[in-house]
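Data block below; observations after.
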Amino acid sequence: MKASTARRSDVLTFSLRAPFESMLVSFSSAQRAIEKARELNRGMCGGRRVRVETNRYHAGDPHFGETAVRITGLPLNCPVITVARFAGAGLLMKLKSVDYNIPDAFELLRMNIDSLEGGKMTKYEVISGESVDGFLVVKAHFGTWERAKEVYDWFDGRRLPYIGGTSLKMHLPDPIQYTLSIPLPQYQAQKRVWDSLTDARSNSDVCCIRIHLQDLAFIRVLGTNKKAVGALKVRVETLAAGEKVTLWHASFASTAGETFISSLSTRTRVHARADQRLRVIKLYGDPPAIELARTLIRTEVERLNGLDSSTLLKPECVGFFVRRGLGILQRRLGEDNVNLNITSIGWRITVRGGANAQEILQRMIDASLAGLVPSPQNGIVCPVCCDEISHPVELNCEHTYCTDCLRHFLTTATAFPLTCMGEEGRCGILISIPTIQRYLPPYQFQHLLEVAFTNYLEQHPQELKYCTTPDCRQIYRAATTPSVVDCPSCFSSTCSCCSAGAHQGMSCEENRIHNDTAEQERLNDVWARANDVKTCPSCNIRIEKLEGCNHISCRCGVHICWKCQPIAVFDRDEIYDHLNAAHGGAFEVQ
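Following this line, the structure appears as structure tokens:
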């Protein structure tokens, strides 16, 4: 899966139709005209690629009605004989040409753009003269995409006299574009999900998805709204990443395992891929198909585990198996059928192959015990194999290991961080990163770093936080004072202090209140009571009375007595009778 992101293109491309002529060509019948239009459209005539379509406009001559085709885009002064040969007909009619001075048009377009409000350019360049398609190309560069969009909107559909009364063709890229490519088998397995995601966004004017199929499937997310495009981009990336199934068996890396993985596609219609580096299976497809494939994988792992036999080795045997026994077993039973791993309770060897494999393993264990050598005279043994040290490696804690034992320990460990096993596991000093890197393959070292980083995140939730967009896995560092951090993945802007959306010009507390409707209402009520502001019982708009009559006419049409608590509403003919009777008149009595 490959991806790229482009943001904020501020280049507006103008395509001007070069001066051209149009002609009508008559044929024997309307059907013949339709056939010729299909045949000749976008063909080359007089050095130009022309547009040919059936005539929709009556020219006042019976020969040039529905039996004629219209040829547009011919070069000026194109000989009639050239057109006749191109069309395969002899009855032609010239139409009014579109002519203008090209250098003047370029200059007038530049002046036109500069005259627009917000139309100031940073660069104006003529890219090409007349092309075989009959267009002239100009690019105008602006400081921002928004400024380019304003110019685009002004010219859109407008006929310009300095280019012969025609309109411009324009192209302005969406300000945010993200492209991702996936294998075709994966796309086919997920097609229903991709289609539903595309259909849901088909009418959106802020972001959408476009899919193009070639040797790969290219999925493009584009739009004008940064937040909407970013959220959709994360959904696309999540879908393209597939579902990880952590159920794993060593045999999945063998030929038989590859056959099983391939069979999942025909049995469930998912696209399945085994990732031997991470020891997971990735599934792509509809959710029901993925669940079925997950069930099949679980069943297969359980079946394979039933063929396994595990034995916890005595410390006296470990050195023999690390140095020689493991290699002998792998040659006899197959490399994928033997595993030697360190566990919390010691070294465990696992063989696959039923009773025969178990018998071979037991014979080797017995042989290793029978051929034990005396303990080293200096009393120093390897913490892994509990035997005399060969090719010693000393760690920072001054415990010494056999080189092969240390390498095997590092490559098979499943618990992190890695600590020294010296003094029968009581040492516990962390093994240094350079030491681990020296003995681990690059992919295992990378996996170790990812696990360590995840552990650190879990232990420092107030210092490092995940992006607030759902499913986005980017991290930002929290701060004690407000500052804006922009996510490189989903493009969202977040306040590093309160983790809310960016709120330039407001404090975190002001932003919290601004987004809390209930709190805003409470504060408004407090302010209204303190300033003698009342609420219309009809439309709920707030009213403030500075002076004058206690008869208030709300804009919704009701008549209110300002003195009554709660506010009372009356008909127009009743309000003054009420004010006189209840309050001694319409005005305040001093």
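Mapped onto the UniProt record's numbering, the consecutive letters of the sequence shown carry residue numbers 1 to 590. Using N, Cα and C, we set each Cβ at its ideal position, and we do this for glycine too.
Closest option to C549, judged by alpha-carbon separation, among D516, P537 and H583: H583. In this structure, the beta-carbon distance from G257 to S251 falls below 8 Å. Note that the C-beta distance between K139 and E150 is not below 8 Å. If you draw a straight line from the Cα of M44 to the Cα of P288, it is about 53 Å long. Per DSSP, D215 lies in no alpha helix (DSSP H) and is assigned neither H nor E.
With a beta-carbon spacing of about 6 Å, D99 and L76 fall inside the 8 Å limit used to define contacts. With fewer than 16 other Cβ atoms from the protein chains shown falling within 10 Å of its own Cβ, G47 counts as exposed.
Here the stretch 484-496 makes no contact with the stretch 316-326; the two share fewer than three CB pairs at distances below 8 Å.
According to the DSSP assignment, M23 belongs to no alpha helix (DSSP H) but to the beta strand (DSSP E) extending over E21 to S26. Within the DSSP secondary-structure output, P183 pairs in a beta bridge with L216. T67 is not a Cβ neighbour of A89, given a cutoff of 8 Å. Runs of the beta strand (DSSP E) spanning 3 or more residues and lying entirely within the stretch 249-302 occur at 271-275 and 280-284, in chain order. Secondary structure in the stretch 366-449: the beta strand (DSSP E) runs of 3 residues or longer, each lying completely within the stretch, are 392-394 and 400-402 in chain order. Under the Cβ criterion (8 Å, minimum of three pairs), the stretch 217-234 counts as touching the stretch 161-178.
With fewer than three CB-CB distances shorter than 8 Å, the stretch 332-340 does not count as touching the stretch 295-302. Here W527 is exposed. Its C-beta has fewer than 16 other C-beta atoms within 10 Å. DSSP places M111 inside the alpha helix (DSSP H), whose first and last residues are I102 to S115. In the structure shown, C561 falls within a strand segment according to DSSP collapsed to helix, strand and coil. For D133, the secondary structure class from DSSP, reduced to helix, strand or coil, is coil.
With respect to L91, M23 sits apart: the two C-beta atoms are not nearer than 8 Å.
Per the coordinates, the alpha-carbon of G143 lies some 44 Å from the alpha-carbon of V451.
Closest in C-alpha terms to H212, from the list I543, F321, R438 and K191, comes K191.
Bridge partners of Y456 according to DSSP: none are assigned. At the C-beta level, I541 and C561 stay beyond 8 Å of one another. With contacts defined as CB atoms closer than 8 Å, K120 and H141 fail to qualify as a contacting pair. By the neighbour-count definition (other C-beta atoms within 10 Å, threshold 16), E237 is a buried residue. In this model, N455 and C536 are separated by some 57 Å (Cα to Cα). Judged by DSSP secondary structure, R542 falls within the beta strand (DSSP E) whose first and last residues are R542 to E544.
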